Amino acid sequence: MIDPRILRDEPDRVRAAQAKRGLSAEVVDRALAADSARRTAIATFESKRAEQKTLGAQIPKASPEEKQELLAQTKALAAEVKEAEAARTAAEEEWNGILKEIPNLAADEAPAGGEDDFAVIEHVGTPRDFAAEGFEPRDHVELGQLLGAIDLERGAKVSGSRFYFLTGIGAQLELALVTMAMDQARAAGFTQVIAPSLVRPRAMDGTGFLGQAADDVYRIEGEDLYLVGTSEVPMAAYHSDEILEESSLPRRYAAFSPCFRKEAGSHGKDTKGIIRVHWFDKVEMFVYTTLEESYAEHERLLAWEKEFLDKLELAYRVIDVAAGDLGLSAIRKFDCEAWIPTQGKYRELTSTSNCTEFQSRRLDIRGRAAGADGKVRPVATLNGTLTAVTRAIVAILETHQQEDGSVRVPEALRPYLGGLDLIKPV
RNA sequence: GGAGGCGUCGCCUAGUCUGGUCUAUGGCGCCCGCCUGCUAAGCGGGUUUGGGGCUACAACCCCAUCGAGGGUUCAAAUCCCUCCGCCUCCGCCA
Numbered sequence: 165m166i167d168p169r170i171l172r173d174e175p176d177r178v179r180a181a182q183a184k185r186g187l188s189a190e191v192v193d194r195a196l197a198a199d200s201a202r203r204t205a206i207a208t209f210e211s212k213r214a215e216q217k218t219l220g221a222q223i224p225k226a227s228p229e230e231k232q233e234l235l236a237q238t239k240a241l242a243a244e245v246k247e248a249e250a251a252r253t254a255a256e257e258e259w260n261g262i263l264k265e266i267p268n269l270a271a272d273e274a275p276a277g278g279e280d281d282f283a284v285i286e287h288v289g290t291p292r293d294f295a296a297e298g299f300e301p302r303d304h305v306e307l308g309q310l311l312g313a314i315d316l317e318r319g320a321k322v323s324g325s326r327f328y329f330l331t332g333i334g335a336q337l338e339l340a341l342v343t344m345a346m347d348q349a350r351a352a353g354f355t356q357v358i359a360p361s362l363v364r365p366r367a368m369d370g371t372g373f374l375g376q377a378a379d380d381v382y383r384i385e386g387e388d389l390y391l392v393g394t395s396e397v398p399m400a401a402y403h404s405d406e407i408l409e410e411s412s413l414p415r416r417y418a419a420f421s422p423c424f425r426k427e428a429g430s431h432g433k434d435t436k437g438i439i440r441v442h443w444f445d446k447v448e449m450f451v452y453t454t455l456e457e458s459y460a461e462h463e464r465l466l467a468w469e470k471e472f473l474d475k476l477e478l479a480y481r482v483i484d485v486a487a488g489d490l491g492l493s494a495i496r497k498f499d500c501e502a503w504i505p506t507q508g509k510y511r512e513l514t515s516t517s518n519c520t521e522f523q524s525r526r527l528d529i530r531g532r533a534a535g536a537d538g539k540v541r542p543v544a545t546l547n548g549t550l551t552a553v554t555r556a557i558v559a560i561l562e563t564h565q566q567e568d569g570s571v572r573v574p575e576a577l578r579p580y581l582g583g584l585d586l587i588k589p590v
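Heads up: the first sequence runs through residues 165 to 590, numbered per the numbering used here.
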């Protein structure tokens, strides 16, 4: 959630932020009204409660006849306190509910508008010119079949549409990519983590995925558990309800977990292949740091993502995602989109977000400043994809394919495949 | 899955049976100061978090906070219920 002080002191800033995302500002007025109602309710309850405490303290010391009198008084008061408390609780819930509807305030640098209003920051590498090379590239579905790497038919048979088996060199590719990602992360000082992919509502809600995105989340029947769509969820909740020494920041984690997405509302999109699936594995970077450091850290996360894509020798562009497409939590988001030859487009391979204090406020993750004053305040959280396995495989197969259907292995990946430099059709 | 035990303000801990003087004890750690060639020791003080009021977002006052949420009561760390977590034993299992 956003800082309530900003809402109170600079409501116009919040209104402007809503407009930038293409959302109504009406929520701001509802929030302000709920805030003042809440404060009134708190004051009422607290004065009643204080009175009750004062009277109650006199009872054990009172003489028998005074005691009767006091008991009668406090008994009546007890009912009023109870009522005032219920009113306070209701007012606080109302306020919290409204506050949680407000997305994080987009950064000034983030372009205004929706999905198509992104700004291209840079292009890295040049898409291969298959026409000049004189052959028609095969798509990853065909290549996956030729190489014995991806089995979509059996994926559908066993689990349904948007599922797959990675087999043979496909399975090896996943393990190679994950290990390479983990090695890079460790070298950069990250703590490697294998994270749970089933979480409680608190974790899901705290990261902002039970808002508008709730349709995309799998729930476990009969249990209070959700399947995560990214290890951002368990990693954000990892330090929930904790106070971290700011001297211990940044805390950098590289977490591996499967990711599950319903892909509701994407019927007809990317129906072929493994571009858009209900399950895939991912190595995600997750960082806790201070608000001041978060902006520079965001750039670092982007740099680490680029380093990984560079090692895969892919052509890609980096975009600055528009405000309306940031999701609830982020103030700014960079996507790295790799060139997919058979689609003739750039497709998202990785994404990094600065969520500032938004998730920390919801999950109660605070930092204590160094020194005698030791102020406690929310920390900033950031996340970034190191590798989303399925899309990385799509980009590698399509980009590095040869006319005969074999695929050249990028230099950096070879050590992770036992030195293999060419994947040949089976 | 079954039976039992436990959960106190960073860590350890007193308090729970017998509800009110608990405004939660003591130790360790940490912070500030004193003392001291320096360090250690010693001495004195401070040290949960969230919220509200008032304000300079200070000081101060108040409310809540003893795993979480309900209940009983004039009054709950203390009694009752539900949930969560940890531990022990049994069963099952990769």
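Glycine included, every Cβ here is placed at the ideal spot set by N, Cα and C. Keep in mind that this is a model prediction, so the values were computed, not measured.
Quiz item: With C-beta atoms as the reference, is Y480 less than 8 Å away from Y459?
Solution: no
Quiz prompt | 8 Å Cβ cutoff met for P175 and V192 | solution = yes
Exercise. Kindly indicate which three-state DSSP category D474 falls into: helix, strand or coil?
Key: helix
Quiz item: Any idea if E247 is buried or exposed, counting beta-carbon neighbours within 10 angstroms, 16 or more meaning buried?
Solution: exposed
Practice problem: Would you kindly report the start and end of the unbroken alpha helix (DSSP H) that includes D176? | Solution: For D176, the enclosing alpha helix (DSSP H) begins and ends at P175 to K184.
Quiz item: If we count the other Cβ atoms within 10 Å of its Cβ and call it buried at 16 or more, is I438 buried or exposed?
Solution: buried
Quiz item: Where does the unbroken beta strand (DSSP E) through R541 begin, and where does it stop?
Solution: V540 to P542
Exercise. Could you pull out every residue in the same chain whose Cβ sits closer than 8 Å to the Cβ of D379, ignoring the five residues on either side in sequence?
Key: Excluding positions up to five away in sequence, the list reads K426, A428 and G429.
Practice problem: From the DSSP output, read off the bridge partner residues of S430. | Solution: DSSP, once it has assigned bridges, lists no residue as partnering S430.
Self-check item: Beta-bridge pairing of W443 - partner residues as DSSP gives them
Solution: F424
Exercise. Give a yes or no on whether the C-beta atoms belonging to A400 and T371 are separated by under 8 Å.
Key: yes
Quiz item: For the stretch 474 to 491 against the stretch 266 to 286, are there 3 or more C-beta pairs whose distance is under 8 Å?
Solution: Proximity of the stretch 474 to 491 to the stretch 266 to 286 meets the contact definition, three or more beta-carbon pairs being nearer than 8 Å.
Quiz prompt | Proximal residues to E477 (C-beta, below 6 Å), its chain only, five neighbours per side dropped | solution = P574
Exercise. Could you tell me which residues DSSP puts in a beta bridge with D315?
Key: F329
Quiz prompt | Start-to-end residues for the alpha helix (DSSP H) that takes in F209 | solution = The continuous alpha helix (DSSP H) containing F209 extends over residues E190 to Q222.
Quiz prompt | First and last residue of the uninterrupted beta strand (DSSP E) at E265 | solution = First-last for E265: P228 to E265, but that is the alpha helix (DSSP H), not the beta strand (DSSP E).
Quiz item: In whole angstroms, what separates the C-alpha of R292 from that of Y390?
Solution: Cα to Cα, R292 sits roughly 41 Å from Y390.
Practice problem: For I223, count neighbouring Cβ atoms within 10 angstroms of its own Cβ and tell me buried if that reaches 16, exposed if not. | Solution: exposed
Self-check item: C-beta contact flag for V451 and E463 at 8 Å
Solution: no
Exercise. Give the single residue among A214, H564 and F420 whose Cα lies nearest to the Cα of G548.
Key: F420
Quiz item: Is it true that the CB of A313 sits closer than 8 Å to the CB of T331?
Solution: The answer is yes: Cβ separation under 8 Å.
Quiz item: How many Å lie between R383 and P422 at the Cα?
Solution: Their Cα atoms are separated by approximately 15 Å.
Quiz item: Based on Cα-Cα distance, which residue from L561, K588 and A467 lies nearest to I285?
Solution: A467
Quiz item: Is it the case that the Cβ atoms of P414 and E457 are separated by a distance below 8 Å?
Solution: yes
Practice problem: Mind the definition here: the stretch 240 to 254 touches the stretch 180 to 191 only if three or more C-beta pairs lie below 8 Å; say whether that holds. | Solution: By the Cβ test, the stretch 240 to 254 is not in contact with the stretch 180 to 191, since fewer than three Cβ pairs between them sit closer than 8 Å.
Practice problem: Note down the Cα distance separating E233 from A214, rounded to an integer number of angstroms. | Solution: 19 Å
Self-check item: Buried versus exposed, by CB contacts within 10 Å (16 or more), I358
Solution: exposed
Quiz item: With a cut-off of 8 Å, do at least 3 Cβ pairs link the stretch 524 to 535 to the stretch 400 to 409?
Solution: yes
Quiz item: Between which two residues does the alpha helix (DSSP H) harbouring H403 extend?
Solution: Careful: H403 lies outside any alpha helix (DSSP H) and carries neither H nor E.
Self-check item: Proximity of G488 and G278 at Cβ, strictly below 8 Å
Solution: yes
Exercise. Report the rounded CA-to-CA distance for A320 versus H304, giving the unit in angstroms.
Key: 17 Å
Exercise. Report back the beta-carbon spacing between L307 and L561 to the nearest angstrom; my notes put them in contact at under 8 Å.
Key: 4 Å
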